[in-house]
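Letter 76 of the sequence shown, counting from 1, is numbered 76 in the numbering used here, and no numbers are missing. Working notes, structure below.
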Amino acid sequence: EQSQEVKIIVKKLNRAPVIKAVKSLNVREGETLDHTFNISDPDGDPVTVKISGWTESLPKTTGYSDAGDYTIVVNASDGELSSKITVPVKVLNVNRAPIIETIADKSVREGDLISATPVASDSDGDKITFTYSLPLNRSGEWQTKRGDIGSYNITVGASDGTTSTKTRFSIIVSASNHPPVLLGVENLSVKEGDTIKLGITASDEDNDNVTILYTGYMNSPEKKIGYNDQGTHDVVVRAMDGKDETRGAFKVVVEEVNRLPVFGPNSFK
Numbered sequence: 001e002q003s004q005e006v007k008i009i010v011k012k013l014n015r016a017p018v019i020k021a022v023k024s025l026n027v028r029e030g031e032t033l034d035h036t037f038n039i040s041d042p043d044g045d046p047v048t049v050k051i052s053g054w055t056e057s058l059p060k061t062t063g064y065s066d067a068g069d070y071t072i073v074v075n076a077s078d079g080e081l082s083s084k085i086t087v088p089v090k091v092l093n094v095n096r097a098p099i100i101e102t103i104a105d106k107s108v109r110e111g112d113l114i115s116a117t118p119v120a121s122d123s124d125g126d127k128i129t130f131t132y133s134l135p136l137n138r139s140g141e142w143q144t145k146r147g148d149i150g151s152y153n154i155t156v157g158a159s160d161g162t163t164s165t166k167t168r169f170s171i172i173v174s175a176s177n178h179p180p181v182l183l184g185v186e187n188l189s190v191k192e193g194d195t196i197k198l199g200i201t202a203s204d205e206d207n208d209n210v211t212i213l214y215t216g217y218m219n220s221p222e223k224k225i226g227y228n229d230q231g232t233h234d235v236v237v238r239a240m241d242g243k244d245e246t247r248g249a250f251k252v253v254v255e256e257v258n259r260l261p262v263f264g265p266n267s268f269k
């Protein structure tokens with residue numbers, strides 16, 4: 001019987017790195033995409049990982065113009081063998097609300113036309129439409145009129161069709177003209193033969209020139225009372241500033257005065 005020793009050399013079989021599959025990755029515009037891939041090597045060999053495609057490294061911060069579908073290729077190599085996977089990436093669109101500038105408060109007078117002219121911008125380049133609260137109309141205008149005196153809080157909205165931004169301002173409507181104010185109008189009690197000198201005046205908040213007129217028993221601020229004027233008389237006072245008129249009224253009570261008899265020129269013939 002014969003025998004012989006045989007040397008058997010078993011060479012190591014290198015196996016490629018294993019990358020766990022990733023179905024997809026999602027991220028919103030403006031956010032940062034970060035993911036750690038699960039990579040192992042059956043033989044315990046050191047593995048070099050390379051990313052290509054939409055990005056060559058992670059994490060990656062997206063911009064507001066990055067919405068869309070992309071792919072990332074992940075390649076893992078042990079220096080001899082390599083494996084790779086392709087991962088879909090979806091960057092979701094993020095709509096940014098319009099930015100509307102502050103509108104200054106407005107002070108107007110009755111009868112003025114008010115027109116709001118808002119200014120707004122949209123970072124996404126979307127078309128902007130404006131809305132206005134009452135009493136402004138759809139065009140942002142309001143034709144004021146007499147009787148509209150007061151303070152109004154206005155809301156203006158800027159919309160890109162998806163989101164909106166609002167700003168507020170006030171409209172203060174004052175009188176178009178302040179009528180004159182009569183001072184010193186009061187009833188008088190006088191006697192026949194007296195002289196009336198009125199002290200009636202008028203003030204005007206707008207500093208307009210005011211004209212005072214008298215009608216009725218008196219047509220001027222001064223009057224000599226006759227001896228046949230006994231009784232109660234009405235006087236109307238009008239103060240006019242060229243735009244508005246204020247009226248006042250008072251009574252003049254004239255007391256009778258008894259006079260001594262007067263002899264005529266032929267009384268003693």
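Backbone N, C-alpha and C fix where the C-beta goes; we use that ideal spot for every residue, glycine too. What you are looking at is a predicted structure, and each value in this text was computed from that prediction instead of being measured.
Nearest candidate by alpha-carbon position, reference residue i, set the options
| i | options | result |
| --- | --- | --- |
| leucine 260 | Val252, Ile154, Tyr227 | Tyr227 |
| lysine 79 | Val49, Tyr64, Ala67 | Correcting the residue type first, residue 79 is glycine in the shown sequence and not lysine. Looking at the Cα atoms, Val49 is the closest of the given residues. |
| serine 115 | Gln143, Phe37, Gly53 | Gln143 |
| valine 156 | Thr165, Ile149, Asp148 | Thr165 |
| serine 57 | Pro135, Thr32, Ser220 | Thr32 |
| threonine 163 | Glu1, Asp204, Asp126 | Asp126 |
| glutamate 110 | Ile9, Asp41, Gly147 | Gly147 |
| threonine 232 | Pro265, Asp34, Gly216 | Gly216 |
| asparagine 26 | Val87, Pro46, Val190, Asp241 | Val87 |
| aspartate 34 | Asp41, Ala21, Thr55, Lys145 | Thr55 |
| leucine 183 | Ile103, Ala202, Val22 | Ala202 |
| aspartate 43 | Ser220, Gly53, Leu13 | Leu13 |
| aspartate 241 | Ile8, Thr102, Gly161, Asn207 | Asn207 |
Residue i, enclosing beta strand (DSSP E) - first and last residue
| i | result |
| --- | --- |
| tryptophan 142 | 141-143 |
| tyrosine 214 | 211-216 |
| serine 65 | Looking at the DSSP string, serine 65 is not in any beta strand (DSSP E), and its letter there is neither H nor E. |
| serine 83 | 82-92 |
| glycine 279 | The requested residue 279 is not part of the displayed model; the chain covers only 1 to 269. |
| valine 236 | 231-240 |
| asparagine 14 | Segment: none, asparagine 14 is in no beta strand (DSSP E) and carries neither H nor E. |
| isoleucine 51 | 48-53 |
| serine 203 | 201-203 |
| serine 57 | Run containing serine 57: none; DSSP gives neither H nor E here. |
| asparagine 26 | 25-28 |
| lysine 106 | 106-109 |
| glutamate 222 | 222-224 |
Cβ neighbour criterion (16 or more within 10 Å) applied to residue i
| i | result |
| --- | --- |
| serine 159 | buried |
| lysine 60 | buried |
| valine 235 | buried |
| threonine 62 | buried |
| valine 254 | buried |
| alanine 120 | buried |
| aspartate 105 | exposed |
| proline 46 | exposed |
| isoleucine 225 | buried |
| proline 179 | buried |
| leucine 136 | buried |
| valine 210 | buried |
C-beta contact flag for residue i and residue j at 7 Å
| i | j | result |
| --- | --- | --- |
| arginine 28 | valine 94 | yes |
| lysine 223 | isoleucine 196 | yes |
| serine 176 | serine 151 | no |
| valine 91 | aspartate 122 | no |
| isoleucine 19 | alanine 76 | yes |
| isoleucine 154 | serine 174 | no |
| glycine 248 | valine 181 | no |
| valine 257 | glycine 193 | yes |
| isoleucine 99 | threonine 167 | no |
| leucine 198 | arginine 238 | no |
| proline 17 | isoleucine 39 | yes |
| valine 89 | tyrosine 64 | no |
| serine 107 | isoleucine 172 | yes |
Hey, which unbroken runs of the beta strand (DSSP E) at 3 residues or more fall wholly within the stretch 116-199?
Counting only runs of at least 3 residues, the stretch 116-199 fully encloses the following beta strand (DSSP E) elements, listed from N- to C-terminal order: 129-132, 141-143, 150-159, 164-174, 181-183, 188-191, 195-197.
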